Amino acid sequence: MIYLDNAATTKPSKYALETADKFNNECFYNPSALYQGGIDNSKEIKLSKDKLLKHLGVDNKNFEVIYTSCGSESDNMAIFCCKKRGVFVTSKGEHSAVYKSFSELKQKGLTVEFIDLNVDGSINEEILLEYVKNNKVDFVSIVHVNNETGAINDINKLAKLIKSIDKNIVFHSDGVQAFGKIPYIISNDVDFYSISAHKVNGLKGVGALIKKRSLNVSPLIFGGGQENGFRSGTENIFGIKVFEYASETHYNILTKNYDLVGEYNKYLRQNLDKEIFTIISSENASPYILSVSAKGLRGEVLMHSLEEFGIIVGNGSACSSKNRYSRVLEACGYKKEHLDGVLRISFSVENSFDEIKFATEKINLVAQKLKGIINK
Amino acid sequence: MTNAIIIRYCEIHLKGKNRGFFEKMLRENIKKSLKGIEFTFTSMHSRYLIENFSDDDYLTICSKLDKIAGIHTYSKALVVNNDFEEIFLACKELCKDKIGTFKVETNRADKNFSPNSMQTSMLLGGRLLEIYSQNISVDVKNPSFTVYVDIREDGKSFIYTDVIHSLSGMPVGSTGKGLLLISGGIDSPVAGYMTCKRGMKLDCLHFHSYPYTGQAAKEKVIELTKRVGEYNGGINLYVVSFTKIQEEIHKKCPDEFMITLMRRFMMRIAERLALKIGGQAIITGESLGQVASQTIESITSSNSVVTMPVLRPLIMFDKNEIIDISRKIDTYETSILPYEDCCTVFLPDYPAIKPNLEKVINAENLLDVEGLIEDAMREIEVINL
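The listed protein sequences correspond, in order, to chains A and B. Under my numbering, residues 62 to 437 are what the first sequence spells out, in order. Under my numbering, residues 43 to 427 are what the second sequence spells out, in order.
Put into C-alpha cells, the structure is as follows:
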C-alpha cells in the first residue's frame with residue numbers, strides 16, 4: 062500500500078511505540094499519585110513538555126504546554142477559554158475545529174469576522190490588517206499551514222503586525238499541519254499554538270496547546286486539576302511519551318525530511334498530466350501537502366480507482382468529507398468544475414521515491430482513463 | 043398477579059375462510075422476531091398473549107413488536123383471577139404513579155361475574171379515587187388515561203392502561219415476495235418499509251458502480267437495507283455491478299437518454315433476478331414527477347421492458363411526506379449522507395424529461411443489451427442482513 066494521505070493521519074512510529082512501551086506496562090502509574098511510580102511519571106510528562114517547547118525554539122520560562130486529547134480540543138480551548146467577549150477574527154481557510162468554533166461564537170452573539178483568502182489558501186494580509194486597524198479586535202486565530210492547500214501563513218509576522226496595532230489582542234494559531242514538518246520558532250507575539258500527535262507519527266488521542274505563561278485560561282474540562290488545573294483528566298502517559306519520541310524523530314532531521322518531501326512534491330508537480338490537473342498548492346506551500354484538481358472529473362472516483370492500485374490519497378479534508386465541496390477551496394475562488402475533482406496528496410518521509418513515481422504514473426493513468434470515458 | 047402482553051391484529055379480522063393462514067403467519071413472524079427471548083405464547087380469539095417473560099426483556103419485546111406488520115396494537119397487562127379484590131389490587135398497582143383524569147372501562151366476557159360491567163367500573167373507579175385522590179380525578183368523557191378491565195371467560199382478567207399502536211398492515215410474507223430496488227436515497231427504503239407493512243416479503247437489489255461509487259456508498263446501502271430488514275424479519279441484499287453498463291451507455295448513446303436507458307437496464311436485471319429468487323413483483327421508490335426519470339413518459343419507458351408487476355408505493359406521495367416517513371423509520375439521516383450515488387456520476391446536464399419511446403429504443407439498439415445484462419448477472423454479490 063502506498064499511503065499518501067498523511068495530512069489526515071500518519072502511521073504511528075514503531076520506534077516511538079516500542080520506546081514508550083514501558084509506560085503501558087511496568088510504568089503504568091497515575092502521574093498524580095504520590096508514590097514513586099506516580100512521581101516518576103509526572104517527571105516524564107514534564108520532560109516531554111520541555112522537549113516539545115525546545116522543538117519550537119522556546120523554553121518553559123515564557124511558555125507552557127497543556128496536553129489535550131487532540132488538536133481540535135486545543136483549538137477550542139484557546140478560542141473559548143481566554144477571551145469571553147469582544148471581537149474575534151479568523152480566516153476562511155481554517156480547519157473546522159477553528160472555523161466551527163468561531164461560528165459557535167457568532168451564534169452566541171459575539172462579533173466574528175472571517176477574513177478572505179488568497180487563491181493559494183493563505184490569508185489575505187491586507188484585509189486582515191485593515192480589519193484589525195478599524196475594529197477593536199480582541200482575539201485572532203490564523204492557521205499556520207492550511208490543511209487543504211498547504212499554504213503557509215507567516216504567523217510570526219502577522220502576530221507582530223497585529224500586536225503593533227494593539228498589544229492586548231490575543232493571537233492563536235492552529236499549528237497541527239506545521240508541527241514536526243516546517244522549520245518554525247514560536248515568537249513571543251504568538252500566545253497560543255495548537256499541535257497534534259497523530260500528524261507526526263504519534264497516536265490519535267493526544268494533542269497539546271502551547272500557551273504563553275502570562276496568559277490565563279479557564280478550563281474546558283474540570284476535575285482533578287491535572288495540567289496545572291487547565292485540563293483535568295488523568296494524563297495519557299503512554300500517548301504523551303509516544304508523541305515525545307515521535308516528534309523528536311522528526312525534529313532530529315527536520316530540514317532533511319523537508320527537502321526529501323519537497324523532492325516528492327516537485328516530482329508530482331512536474332509529472333502530473335498538465336492537460337488534466339490544475340495544481341492548487343502554490344510553489345511555496347508546505348511540501349507535505351499537494352492539492353490538485355482534475356477539472357471535470359470527480360475526486361472521489363479518482364480516489365476509488367487509485368485504491369485499486371493500492372494507492373491511498375485524500376479528497377479534500379477527511380474530517381469534513383461528508384460535505385460535498387471544500388469550504389476552503391471555495392473561499393480560494395475555485396468553481397464547481399474544479400471543486401469536484403480535488404485530490405489532496407500528502408507525503409511522509411516514509412514514502413519512497415519509487416512509490417511516488419508509481420503513484421504519479423497511476424494518478425495520470427486513472428485520470429486519463431476516466432477523462433476518456435467521461436468525454437467519450 | 044402476573045405480567046402479560048396482549049397483541050391485537052387488525053385487518054386479519056376482515057378475512058374469511060383463509061383467516062387461519064394470515065393468523066398463522068403473524069404468529070410465526072412474532073415468534074421468529076422474539077427468538078432468543080424466553081416467553082410463552084398463547085393464541086386467543088383475535089389476539090395473542092405473551093406471558094412468562096422476564097421484566098428485563100419487556101422493552102426489547104416492545105421494540106420488536108413495533109416493527110411487526112399485522113399487529114394493530116399491544117398492551118402490557120396485569121393478569122389476575124376473576125375476583126373483584128384481585129382486580130382492584132391490579133388497578134391500584136397500575137394507577138400508583140398516574141396523574142390526571144381517568145375512567146374505568148370494563149368488558150365482561152364472563153357473564154357470570156358479578157357485579158355487571160357498569161357497576162364494576164363504578165366501584166373500581168370509586169375505590170381508586172379514595173386512595174389516589176391527590177393525583178387523579180374522574181372524567182368519563184375525555185380522560186387522560188383509561189383503566190381497562192377485561193374479564194375473560196376462562197377465569198382470567200387482564201388489567202391495563204396503555205394501548206400502544208404498532209405498524210398495522212398485513213403479516214410479512216402473506217402477500218407474496220418482491221424485489222426492492224434500493225439506491226441509497228431517501229425514497230427506496232421508505233418504499234421498502236411500506237411494502238413490508240402490506241405483507242410482502244422483500245429482498246433488495248442495489249446497483250454498485252465502482253469506482254464511480256465507493257465503499258462508503260455501499261456501506262450506506264447496507265445500513266439502509268438493514269433498517270428495512272427490521273420490518274421484514276431479516277433481508278438479503280443483492281449487489282450488481284453497473285459500471286460496465288453505465289460506461290457503455292455513456293460511450294455509445296446520446297447523453298439525454300443516459301438515465302432512461304439505465305432505468306431500463308435496471309428493470310430488466312431486477313426482473314431476471316426476481317424470477318430467480320421466487321419474487322413476484324419489483325418495487326421502486328418512484329414518485330410521480332419527482333425527477334426526470336420519474337415522469338410518466340420515463341416510467342412508461344422503463345416499465346415497457348418488463349412484464350412482472352412493478353409496485354410503486356410512493357408514486358403519489360410528496361417529497362415531504364416521504365421524508366416524514368423516512369424520519370419515522372430512522373433512515374433519513376443515513377439517506378442524506380452525500381456519497382457518490384449510482385445515478386449522479388454520469389448525470390447529463392439536460393436529461394430527457396419526456397423520452398420518446400421510439401428514440402429510446404433506437405438509442406438502445408446501439409448496445410449489446412443481452413450481453414451486458416448477462417455479464418452483470420454473472421457476478422452478483424449476496425449479503426445476508
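All C-beta atoms, glycine included, are put in the ideal place defined by N, C-alpha and C. No experiment lies behind these values; they were computed from the predicted model shown.
Check	Outcome
Test: P380 (chain B) CB closer than 8 Å to a CB of chain A	yes
Best match in A:V322, A:I301, A:I184 for proximity to I243 (chain A) [C-alpha to C-alpha]	A:V322
9 Å Cβ cut-off: residues of chain B touching E369 (chain A)	Y252, P253
Residue(s) in a DSSP beta bridge with G375 (chain A)	A:R405
Chain B residues whose Cβ lies nearer than 8 Å to that of S366 (chain A)	P253
Opening and closing residue of the alpha helix (DSSP H) in which E147 (chain B) lies	Not the alpha helix (DSSP H): E147 (chain B) falls in the beta strand (DSSP E), residues 142 to 150.
Host alpha helix (DSSP H) of D320 (chain A) (start-end)	315 to 332
Sequence ranges, beta strand (DSSP E) only - wholly within the segment 125 to 168 of chain A, length at least 3	148 to 152
Member of B:L266, B:F83, B:V191, B:E135 whose CA lies at the smallest distance from the CA of S368 (chain B)	B:L266
Touch test, the segment 192 to 211 of chain B against the segment 103 to 116 of chain B, Cβ-Cβ under 8 Å, three pairs minimum	yes
Best match in B:R310, B:K239, B:A258, B:E289 for proximity to E416 (chain B) [C-alpha to C-alpha]	B:R310
Cβ shell of L270 (chain A) (< 7 Å), same chain only, five flanking positions each side left out	I127, T129, S135, M138, A139, F253, S255
Distance, I301 (chain A) Cα to G447 (chain A) Cα	One cannot answer for residue 447 (chain A) here, as it falls past the ends of chain A, which runs 62 to 437.
Residues that G256 (chain B) contacts on chain A, provided the C-beta gap is smaller than 9 Å	E361, V362, M364, H365, E368
Integer Cβ distance of I298 (chain A) from N102 (chain A), believed to fall under 8 Å	5 Å
Under 7 Å by beta carbon: chain A residues contacting V387 (chain B)	R359, V362
Through-space distance from T316 (chain A) to P348 (chain A), alpha-carbon basis	11 Å
Neighbourhood of T6 (chain B) by C-beta, 6 Å cutoff - its chain only, sequence neighbours within 5 removed	Examination of residue 6 (chain B) is not possible in this model, given that chain B is present from 43 through 427 alone.
Residue of A:D235, A:N332, A:Y395 minimising C-alpha distance to D181 (chain A)	A:Y395
Inter-stretch contact at 8 Å, needing at least 3 Cβ pairs: the segment 229 to 237 of chain B / the segment 57 to 71 of chain B	no
CB contact check: E421 (chain B) to chain A, cutoff 8 Å	no
Integer Cβ distance of D235 (chain A) from V159 (chain A), believed to fall under 8 Å	6 Å
Proximity test, Cβ basis, 8 Å: H248 (chain B) and chain A	no
Proximal chain B residues relative to R385 (chain A), where beta-carbon distance stays under 7 Å	P380
Short CB-CB distance (under 8 Å) between I434 (chain A) and chain B	yes
C-beta atoms of Y191 (chain B) and V263 (chain B) nearer than 8 Å	Before going further, note that residue 191 (chain B) is Val rather than Tyr in the sequence given. No.
Neighbour-count burial assignment, M62 (chain A), 16 or more Cβ in a 10 Å radius	exposed
Check whether P296 (chain B) and A405 (chain B) have beta carbons under 8 Å apart	yes
Buried versus exposed, by CB contacts within 10 Å (16 or more), D410 (chain B)	exposed
Range covered by the alpha helix (DSSP H) that runs through Y174 (chain B)	159 to 174
8 Å Cβ cutoff met for I203 (chain A) and L219 (chain A)	yes
Pair within 8 Å by beta-carbon distance, D229 (chain B) and R194 (chain B)	no
Counted within 10 angstroms of its Cβ, other Cβ atoms place T255 (chain B) as buried (16 or more) or exposed	buried
Boundaries of the alpha helix (DSSP H) in which R314 (chain B) is found, first to last residue	300 to 318
Residues sharing a beta bridge with S257 (chain A), DSSP	A:G268
The beta strand (DSSP E) enclosing F64 (chain B), as first and last residue numbers	Run containing F64 (chain B): none in the beta strand (DSSP E); it sits in the alpha helix (DSSP H), 61 to 75.
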